[in-house]
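In what follows, a structure is listed as structure tokens, so that the remarks can point back to it.
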Amino acid sequence: MSAPAVNEERLLEAVSDGSRRRVLDLLLARGEVTPTALAAELPFTRQAVAKHLAVLDRVGLVEATRHGREVRYAVRPEHLDVAVRAMARVAARWDARLAAIKRMAEADARARKRLTRRR
Amino acid sequence: MIPAQIEKDVLIDAPVDVVWRVITEPDQIVQWFSEEAEIDAKPGGHGRLVFRSGESYQLQVEAVEPPRRFAFRWVQPQGSIARPENSMLVEFTLEPEGEGTRLRVVESGFDKIDWSDEQKASYAERHTDGWESLLGRLRDFAKR
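Structure below.
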């Protein structure tokens, strides 16, 4: 299967957002769905879901088809080739690590502030 | 084809020296990175990280400039010297920003390392996180 050219950086950017990953995840589980149906199952507004879908659409991860008056979205997994998926995973791990570093350093800084105040 | 590097940054509400210790001291590294960590934090120093999966990596320290820059190479085969063809470079930079610290991490070398796409994929596959299940489903979906 030959996938069309994809801008990997934009692809990574598109999937680096936690909310967008939830939209993508739910799309995978449901197949073809409308933004309204997605919003009903997520803690986001329909507008927010539409925005996430637009970003995913621009990088070619999802595709919209019109059925009468409604637009349904589905995932286009051919754009997630092996290497890009690999990179996305490495990037997500760094997100998690940086978040942990942040929590630890901030807890430490708060503890020190309390100590200084007590003196 | 493959992006040359991953860049991430985060603003931390803590002074630079506190963040520096979190990223360089083994007893702190085990709280955000690996299960076990040994590190001789000087240029050319060696270290070792052991992950929950049991997998262990040796580190080769490339730069230690407290409290601004810390860099190491990793994933080279056990017992060999780290080179661009067999390892990834991880660089942390710390910049004061307001009362806090901007921490940036760059992992590079994906374009230089002498691995096949399968090896790169399997590198990414290890040390699983929440992403794994989503990507697993994506992969299954792709095969349909």
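Going down the list, the protein sequences come from chains A and B. So for the first sequence, this note's numbering puts the first residue at 33; every next one is plus one. So for the second sequence, this note's numbering puts the first residue at 11; every next one is plus one. Glycine included, each C-beta is placed from N, C-alpha and C at the ideal position.
Exercise for review: Give me the Cβ distance between Ala123 (chain A) and Ile16 (chain B), rounded to the nearest whole Å; I'm assuming they're in contact under 8 Å.
Suggested key: The beta-carbon separation of Ala123 (chain A) and Ile16 (chain B), rounded to 5 Å, stays under the 8 Å limit for a contact.
Review point. Mind pulling the beta strand (DSSP E) runs of 3 or more residues that sit fully within the region 71–126 of chain B?
Key: 79–84, 98–107, 110–118
Review point. Cβ atoms of Leu74 (chain A) and Leu58 (chain A): under 8 Å apart, would you say?
Key: yes
Check your understanding: Can you tell me the Cα-Cα spacing of Gly50 (chain A) and Ala80 (chain A), whole angstroms?
Key -> Gly50 (chain A) and Ala80 (chain A): Cα-Cα distance of roughly 13 Å.
Check your understanding: Does DSSP put Val107 (chain A) in a helix, in a strand, or in coil?
Key -> strand
Review point. Once you ignore the five residues that flank Ile39 (chain B) on each side, which residues in its own chain have a CB closer than 6 Å to its CB?
Key: Ala47
Review point. Taking one C-beta from the region 109–117 of chain B and one from the region 123–143 of chain A each time, how about it: are there three or more such pairs within less than 8 Å?
Key: Yes, the region 109–117 of chain B touches the region 123–143 of chain A.
Point to revise | Coil, strand or helix - Leu74 (chain A) by DSSP | key: Leu74 (chain A) carries a coil assignment under DSSP once its states are collapsed to helix, strand and coil.
Check your understanding: Among residues of its own chain, excluding the 5 on either side of Val69 (chain B), which ones have a beta-carbon nearer than 8 Å to its beta-carbon?
Key -> Per the sequence presented here, residue 69 (chain B) reads as Leu, with Val not at that position. Annotation for Leu69 (chain B): Ile49, His56, Gly57, Arg58, Leu59, Phe82, Arg83, Trp84 place their beta carbon closer than 8 Å to its own, counting only its chain and skipping 5 residues before and after.
Exercise for review: Determine whether the Cβ of Glu138 (chain A) lies closer than 8 Å to any Cβ atom of chain B.
Suggested key: Output row for Glu138 (chain A): interface = yes.
Practice item. Please report how far the alpha carbon of Val29 (chain B) lies from the alpha carbon of Leu21 (chain B), in whole angstroms. Key: 11 Å
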